[in-house]
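Asks: Residue numbers for the sequence shown follow the UniProt record's numbering, so the first one is 1 and each next one is one higher.
Ideal Cβ positions, reconstructed from N, Cα and C, are used throughout, including at glycine.
Here it is: the structure, laid out below.
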Amino acid sequence: MAPRIPDSEGEEPLDDKVNKPTASDDEEDGVASKETPHGRKRAKISLDDRAANVKREAVKLEGAKKNKSNASNRQHETPEASNRAISADGDHDETIGEEDGGMNVPLPPKIEVQPRDVDGYVPGSIVRIRLQNFVTYDEVEFRPGPYLNMVLGPNGTGKSSIACAICIGLGFSPSILGRSTEISAYVKHGSTEGFVEIELKGRARKGNIVVRRNITSKNKSSTFHLNGKQVAMKDVTSAVAALNLQVNNLCSFLPQDRVSEFAQLTPQQLLKETQKAAGASQLTEWHNILIEKSQELAVARESHKKTTDKLAYERGQNERIKPEVEKFEQRQKLQNEIEFWTLAQPYIEYLEAFQHQQALREAKRVAHAGLNVVLGKNAPLKDLQERVNKEKKRVEQALATSNTDGTKKQNSLKSILSAYDQADADCDEVHKEIEIIVKNEAARKDKIDKLNKRLKDLDHAIANPPAIPDSSDALAEELSQVKAELDPLTYQLVDLRQTIGRLEEEVRRNQNSADQARAYLHGITNQQARRIQDLKRWDPATGTVAEWLAQPDTQSKFKMQVFQPPYISVTIPDARYQAAVEGCLSSGQIKTFVTQCNEDYQLFNKLVNDNADFRIGDKRIRVNVWYAEGRAAPQPFNVEEMGALNFDCYALDKVSCDDGLKWFLQRDAHLHCTPIALKESSLNQQTIFLKLGQRGGGSFIGGRTKFTVQVSKYGRKLPFMNTNSIPDPRTFRGQGIDTAAKEEGERRLAEATANLDSVKNRMNMRAKDELQLHARVKELESHKDILKAREETIKKAQNWVAQQEFRKSQTEREIFRLMNEPSAESQKAAHKEKLANHLQKRTKLLIDYHNTILAIVRNQQTKSRLILQIMQATANDIKVRTITNAQSAKTAKAHQLFEEKKEALRIGKENVKKLGDRLKDKFQTIDPSTRNRFEEVPKAEKDAWTNAYIQEQLDHFNELLEANFAVNAGVVETYKRRLKTIEDLEAEEQNVRKDLIKVERGIERVRAMWYPALKSLVNNIGDKFSAAFDRMGCAGEIRITEVEDYNQWTLDILVKFRNTERLQLLTAQRQSGGERSLTTILYLMSLTEYARAPFSLVDEINQGMDNRAERAVHDQLVQVMCQSDAGGQYFLITPKLLPDLTYHQRMRILCVNNGEWLPEQKIGNLKSLVDNYVAHRDAQRH
């Protein structure tokens, strides 16, 4: 039995030994608080210090495991001690070894913010920014300060464009900005390319780094230059990462369009983003390792629990059935005894059967001898029987021969009768032939008379021939003249018809050219068919449905007209407005089918979208279909306002389509509410912006730019405006007819038509000539036929006499033949001789018939005699058989006895063989020990056994076996199989336990590095955060929430803005927009001193704040960023500026001025104006 390994139920998990944080006093939000020196409740981070106990608990756990052993005193191997430890001064190794949790993860190198240089800049901060054709800027270059930079300017001047430039210029994704994700969208409208150039402060004793990114409006590509040398994007990314620039972290870089997202960060995300932005550089990597290993720990614990549970279960099951197994072994011994004596029983039966076989063999020999004696006495009867049989066979053979001879004579008689009948028929035939000779003779004489009469008529005709017409040479001369004129005309007519055939082929070619030109023009002018094919190439599904809808019988299925998509059914006749109108429609709207009633809408979906048979190949078709009721939005400006604002028209005014489709363009695309001005410079954008902002927003188009006015959803709900460039039209471009192509088609059609007319005229002329020539040829041929007929008549008259002479000669030859034929008398004499021969033959046949009859009578007499002889032979045979059968009874009895003995011997042999085989099989199937025991018994002793003795032994052991109740053999098999399973589970439990210890130790090792660093960071940030809120007259706290799953650890921001409130968790819904903005800026400001990024940026974070809060935030920001060297560079972008704000000489104010026209440098200097204003203000104060 495999040794038992004690399970580890008594071991307490490491996590259970470490003290957990106590519950807070505030039951509503779970937040503990205390009174601050200022009299207000102030938060304190409630974190437990477990780092000091980590190694001690690990050593205790390892010792507890080392002292455990299994039932066989086998010692578990203790995991090797970690070969890495935290040093006394806080340094740690850069990797976690295999033995510490199965990890070998290289930790990232530390990235620390370098101390400020003599100019105040830290490595990685921005020294210079240069922009060209970027968003709102034509060209600008400015130099931010090393501390706090305030970027000021009215809405729409391009403040946020600076944040966009920093993000894009340093190689980060535009998606970070929360605006357009296409890099080409950041090129200034009207320009094809631009660039962003950013100069970064280099490390000590190294030069600055200049990064330049060139962008184009034509495509999504861009190029990078690093220090003037073109490089790949990955090189710029590496350089930026080396300086630890964190533009992709909301804690370091907060664009305007993502300010609200900070408050929407989950506490888990906030913890992770804070670790990336501040504190030790390895915090994020440690946290990720803990998350991964905590998952592995859960899996390892579950696996260990399953293994130990299964091991205990298997052991318990085997202990439960062990008594039954012992009882089974006792029963097995009794069964072995029974099996031994059961083997002896067939052995004795085999010996007895073999002895009985020997007795049967002797009885068979005696019966065989008696049979031979009886057979010897039957020999004389056998000879007599053979003689009788021979005589009988001889007579039967003679009778068979007589029967054969009689049959032959019968057949001969039939032949004679048949020949006689034939001879009689031949005589009748001769008589008939004689009658025919008589008739033929009369006919011959009649024919001779007729031929003689015809001969006389011919002689008379020859003596009086008919008159022969005039056959002078005039007829031949006239016929020759007609031929001389007809032959050239015939050849000329053939040539003329070939020419007409060639002209007909030329007509067909020119007709085809004209038809092709017409088809070409039709294709140019048939705009809908062409647009459907273009749509089918762009979107096969929509194009296929458009073809289906264009069929004449399709529209009849609907109650009202169903319109093709705007791609097909909308035209913009004025090409100047095509891009503007197309910019108002999305690709989905351009491909939408429009119905005018709900019934048609439902039917269209049924026939197309819901129809599984409507497919392209094996893909079902899905298209856009639209129907809506209600009212369209009112237009933002009336006609007078449109003129005053320099708008040319609304987008819908330039659209040509059916009225039913215009309802779709109004209701869904709002084309009737989108005014258009062909020249952007003619618009007063600020006035339009204010008017649309008052109406809740809207869109307008100026030139190739679309302006969208929206109202902010937070704070004071102020309007703001976005701009998008409108590309060249693609959908509505080229909707008109191609004039050049149409002119080319018309030229080809005119040319083909002219050629066709020319050829037809020539062919008509040739046709007239052919008609005249054909009439003359027909006239000559008619005259020729008349002359030929006259010539033929003369020839017939000249040949008449010769014909009559020929007919006379034929008649004479026929008369001569008939006169020389044989006479009737000679023919009759020959037939009479033939008749005499037939009569003679018939007489001979009558004689043969008589002789044959006599032979048949003699044969019948012989057969009668032979039949009597057969009857006698049969009687003799019966008599002999009667005597023989009486003697054979004794022979049969002797033979039966012999067969019985023979059969008994055969059965005995089979029985011996069967018992022998059974005994052999028994020996092969029994247990080897039982077989060996049986073979060891002496033969003499075995031969002395009897069946009674063997049965007595069997009865004895069967009684004992009956007293021992039967146990299922499967129980024993299960017991043995489970023993093997227990051994496997014990080995598996040891391996799982080792893996579990490794993972636990690895987690504690990493936690010992991560938790103190995180705790220190959060404590420091929390102190500054709480102090900042104290100065604001509010309360704030930062708290870590610990759970077993490291992925669910959270960093909670709790704030209180009123004395009547408790601390509340910061969420995107609970606090107002201003409160969220205030919390966000104070938290980011608290991170500044510990931030690893060389610069940070927030854009319009003060939206929604009141003046008091905004001023207080400004004062604290100036104090943090300008009065100490901690932290790096800071950008604060704001559209508004309160008067008399705190100023520090380390601040740098960047005022953005943007517009159609700016004064030249020599005319006005903004810095000089500010200096003069400050001097004047100071003078008034004094």
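DSSP three-state label for Pro218, please.
Replies: Your numbering for residue 218 matches position 218 in the sequence shown. Before going on, a small fix: residue 218 reads as Lys here, not Pro. Correct three-state label for Lys218: coil.
Asks: When the Cα atoms are used, what is the spatial distance from Asp769 to Arg790?
Replies: Residue mapping note: residue 769 aligns to position 769 of the sequence shown, counting from 1. Residue mapping note: residue 790 aligns to position 790 of the sequence shown, counting from 1. Approximately 32 Å between the Cα atoms of the pair.
Asks: For Arg620, which residues does DSSP report across the bridge?
Replies: Position 620 of the sequence shown, counted from the first residue, corresponds to residue 620. Per DSSP, Arg615.
Asks: Just to confirm, are Phe707 and Thr723 a CB contact at a threshold of 8 Å?
Replies: Locating residue 707 in the sequence shown gives position 707, where the first residue counts as 1. Locating residue 723 in the sequence shown gives position 723, where the first residue counts as 1. Contact: yes.
Asks: Just how far apart, CA to CA, sit Leu283 and Tyr1011?
Replies: Taking the first residue of the sequence shown as 1, we reach residue 283 at position 283. Taking the first residue of the sequence shown as 1, we reach residue 1011 at position 1011. Each residue's Cα considered, the two are about 9 Å apart.
Asks: With 16 as the cutoff for other CB atoms within 10 Å, does Glu28 come out buried or exposed?
Replies: Taking the first residue of the sequence shown as 1, we reach residue 28 at position 28. The pLDDT assigned to Glu28 is 36, lower than 50, so where the model puts this residue is not dependable, and the model offers no usable value.
Asks: Considering only the beta carbon of each residue, do Pro729 and Ala579 sit closer than 8 Å?
Replies: Against the sequence shown, residue 729 aligns to sequence position 729. Against the sequence shown, residue 579 aligns to sequence position 579. Yes, these two residues count as a Cβ contact at 8 Å.
Asks: Note down, in chain order, each residue of its chain lying with its Cβ closer than 7 Å to the Cβ of Phe1025, except the 5 sequence neighbours on either side.
Replies: In the sequence shown, counting from the first residue as 1, residue 1025 sits at position 1025. For Phe1025, where only same-chain residues beyond five positions count, the Cβ hits under 7 Å are Gly1036, Ile1038, Leu1082, Tyr1083, Ser1086.
Asks: Relative to the C-alpha of Glu910, which residue among Val1118, Cys673, His356 is closest?
Replies: Residue 910 sits at position 910 when you count from the first residue of the sequence shown. For the residues Val1118, Cys673, His356, the minimum Cα distance to Glu910 belongs to His356.
Asks: Specify, as a first and last residue, the run of the beta strand (DSSP E) that Cys1151 falls within.
Replies: Translated into the one-based positions of the sequence shown, residue 1151 becomes position 1151. Residues 1148–1151.
Asks: Give a yes or no on whether the C-beta atoms belonging to Lys159 and Pro1135 are separated by under 8 Å.
Replies: By one-based count along the sequence shown, residue 159 stands at place 159. By one-based count along the sequence shown, residue 1135 stands at place 1135. Yes; because the gap between Cβ atoms is below 8 Å, this pair is in contact.
Asks: For the alpha helix (DSSP H) containing Asp943, name the first residue and the last one.
Replies: As a position in the sequence shown, residue 943 is number 943, starting the count at 1. Taken as a continuous stretch (DSSP letters only), the alpha helix (DSSP H) holding Asp943 covers 939–943.
Asks: Identify the residues that DSSP records as bridge partners of Gly202: which are they?
Replies: By one-based count along the sequence shown, residue 202 stands at place 202. Gly202 pairs with nothing; no bridge assigned.
Asks: Have a look at Cys1151 and Asn227 and give me their C-alpha separation to the nearest angstrom.
Replies: Position 1151 of the sequence shown, counted from the first residue, corresponds to residue 1151. Position 227 of the sequence shown, counted from the first residue, corresponds to residue 227. One C-alpha to the other measures close to 28 Å.
Asks: Within this structure, are the beta carbons of Met642 and Phe689 separated by less than 8 Å?
Replies: Position 642 of the sequence shown, counted from the first residue, corresponds to residue 642. Position 689 of the sequence shown, counted from the first residue, corresponds to residue 689. Contact flag unset, no.
Asks: Please list the terminal residues of the continuous beta strand (DSSP E) segment that includes Thr946.
Replies: The sequence position of residue 946 within the sequence shown is 946, counting from 1. Premise fails: Thr946 is in no beta strand (DSSP E) and is neither H nor E.
Asks: What's the call for Leu652, buried or exposed, on a 16-neighbour Cβ count within 10 Å?
Replies: Taking the first residue of the sequence shown as 1, we reach residue 652 at position 652. So Leu652 counts as buried.
Asks: Which residue's Cα is closest to the Cα of Ser222: Gly207, Ser173, Val247?
Replies: For the purposes of this step, residue 222 is identified with residue 222 of the sequence shown, where counting begins at 1. Comparing Cα positions, the closest option is Ser173.
Asks: Hey, Val711 and Gly698: beta-carbon distance below 8 Å or not?
Replies: Counting from one through the sequence shown, the residue named residue 711 turns up at place 711. Counting from one through the sequence shown, the residue named residue 698 turns up at place 698. Not a contact, by the Cβ cut-off of 8 Å.
Asks: How do the segment 138–146 and the segment 1115–1125 stand: do at least 3 beta-carbon pairs fall below 8 Å, yes or no?
Replies: No, the segment 138–146 is not in contact with the segment 1115–1125.
Asks: Below 8 Å on the Cβ atoms is my guess for Tyr1130 versus Asn149; work out the distance and round it to an integer in Å.
Replies: Here the question's residue 1130 lines up with position 1130 in the sequence shown. Here the question's residue 149 lines up with position 149 in the sequence shown. Contact holds; Cβ gap of about 7 Å.
Asks: So, with DSSP's three-state summary, where would you put Trp1010?
Replies: Position 1010 of the sequence shown, counted from the first residue, corresponds to residue 1010. Helix, per DSSP.
Asks: To the nearest whole angstrom, what separates the beta carbons of Thr274 and Leu1051, a pair I think is in contact under 8 Å?
Replies: Start at 1 with the first residue of the sequence shown, and residue 274 comes out as number 274. Start at 1 with the first residue of the sequence shown, and residue 1051 comes out as number 1051. That pair is a contact at about 6 Å.
Asks: Quick one: what does DSSP say Arg730 is sitting in, helix, strand or coil?
Replies: Reading the sequence shown from its first residue, position 730 is the one you call residue 730. Looking at Arg730 - three-state DSSP - the assignment turns out to be coil, as it is neither helix nor strand.
Asks: Taking Lys276 as the reference, which of Gln528, Leu1117, Tyr1090 has the closest Cα?
Replies: By 1-based counting over the sequence shown, the position of residue 276 is 276. Minimum Cα distance to Lys276 is reached at Tyr1090.
Asks: Give the secondary structure of Arg1076 by DSSP, where H, G and I count as helix, E and B as strand, and everything else as coil.
Replies: Within the sequence shown, residue 1076 is the residue found at index 1076, counting from 1. Of the three classes helix, strand and coil, the one that applies to Arg1076 here is helix, per DSSP.
Asks: Throw me the rounded Cβ distance for the Leu399 and Ile867 pair, which I believe falls under 8 Å.
Replies: As a working mapping, residue 399 is identified with position 399 in the sequence shown. As a working mapping, residue 867 is identified with position 867 in the sequence shown. Contact flag correct, Cβ pair sits at about 7 Å.
Asks: Return the first residue and the last residue of the beta strand (DSSP E) that Tyr1090 is part of.
Replies: By one-based count along the sequence shown, residue 1090 stands at place 1090. Looking at the DSSP string, Tyr1090 is not in any beta strand (DSSP E), and its letter there is neither H nor E.
Asks: Kindly indicate the opening and closing residues of the alpha helix (DSSP H) around Ala241.
Replies: Residue mapping note: residue 241 aligns to position 241 of the sequence shown, counting from 1. Per DSSP, Ala241 belongs to the alpha helix (DSSP H) from 233–242.
Asks: Just to confirm before moving on: does the CB-CB distance between Arg258 and Leu250 stay below 8 Å?
Replies: Residue 258 sits at position 258 when you count from the first residue of the sequence shown. Residue 250 sits at position 250 when you count from the first residue of the sequence shown. Against a cut-off of 8 Å, the Cβ pair of Leu250 and Arg258 comes out as a contact.
Asks: Out of Arg320, Val625, Trp626, Cys649, point me to the one whose CA is closest to Gln635's CA.
Replies: Along the sequence shown, read from residue 1 onward, the residue named residue 635 stands at position 635. Answer by Cα proximity: Cys649.
Asks: Give the list of continuous beta strand (DSSP E) stretches no shorter than 3 residues that lie fully inside the segment 648–673.
Replies: The qualifying runs do not exist here; there are none.
Asks: Can you tell me which of the three DSSP states Asn411 falls into?
Replies: As a working mapping, residue 411 is identified with position 411 in the sequence shown. Correct three-state label for Asn411: helix.
Asks: May I have the straight-line CA-CA distance separating Gln990 from Lys976, to the nearest angstrom?
Replies: The residue given as residue 990 occupies position 990 in the sequence shown. The residue given as residue 976 occupies position 976 in the sequence shown. About 22 Å.
Asks: Is DSSP giving Pro675 helix, strand or coil here?
Replies: Along the sequence shown, one-based indexing puts residue 675 at 675. Here Pro675 sits in strand by DSSP.
Asks: Just to confirm the assignment, what range does the alpha helix (DSSP H) spanning Gly693 have?
Replies: Start at 1 with the first residue of the sequence shown, and residue 693 comes out as number 693. Per DSSP, Gly693 belongs to the alpha helix (DSSP H) from 685–694.
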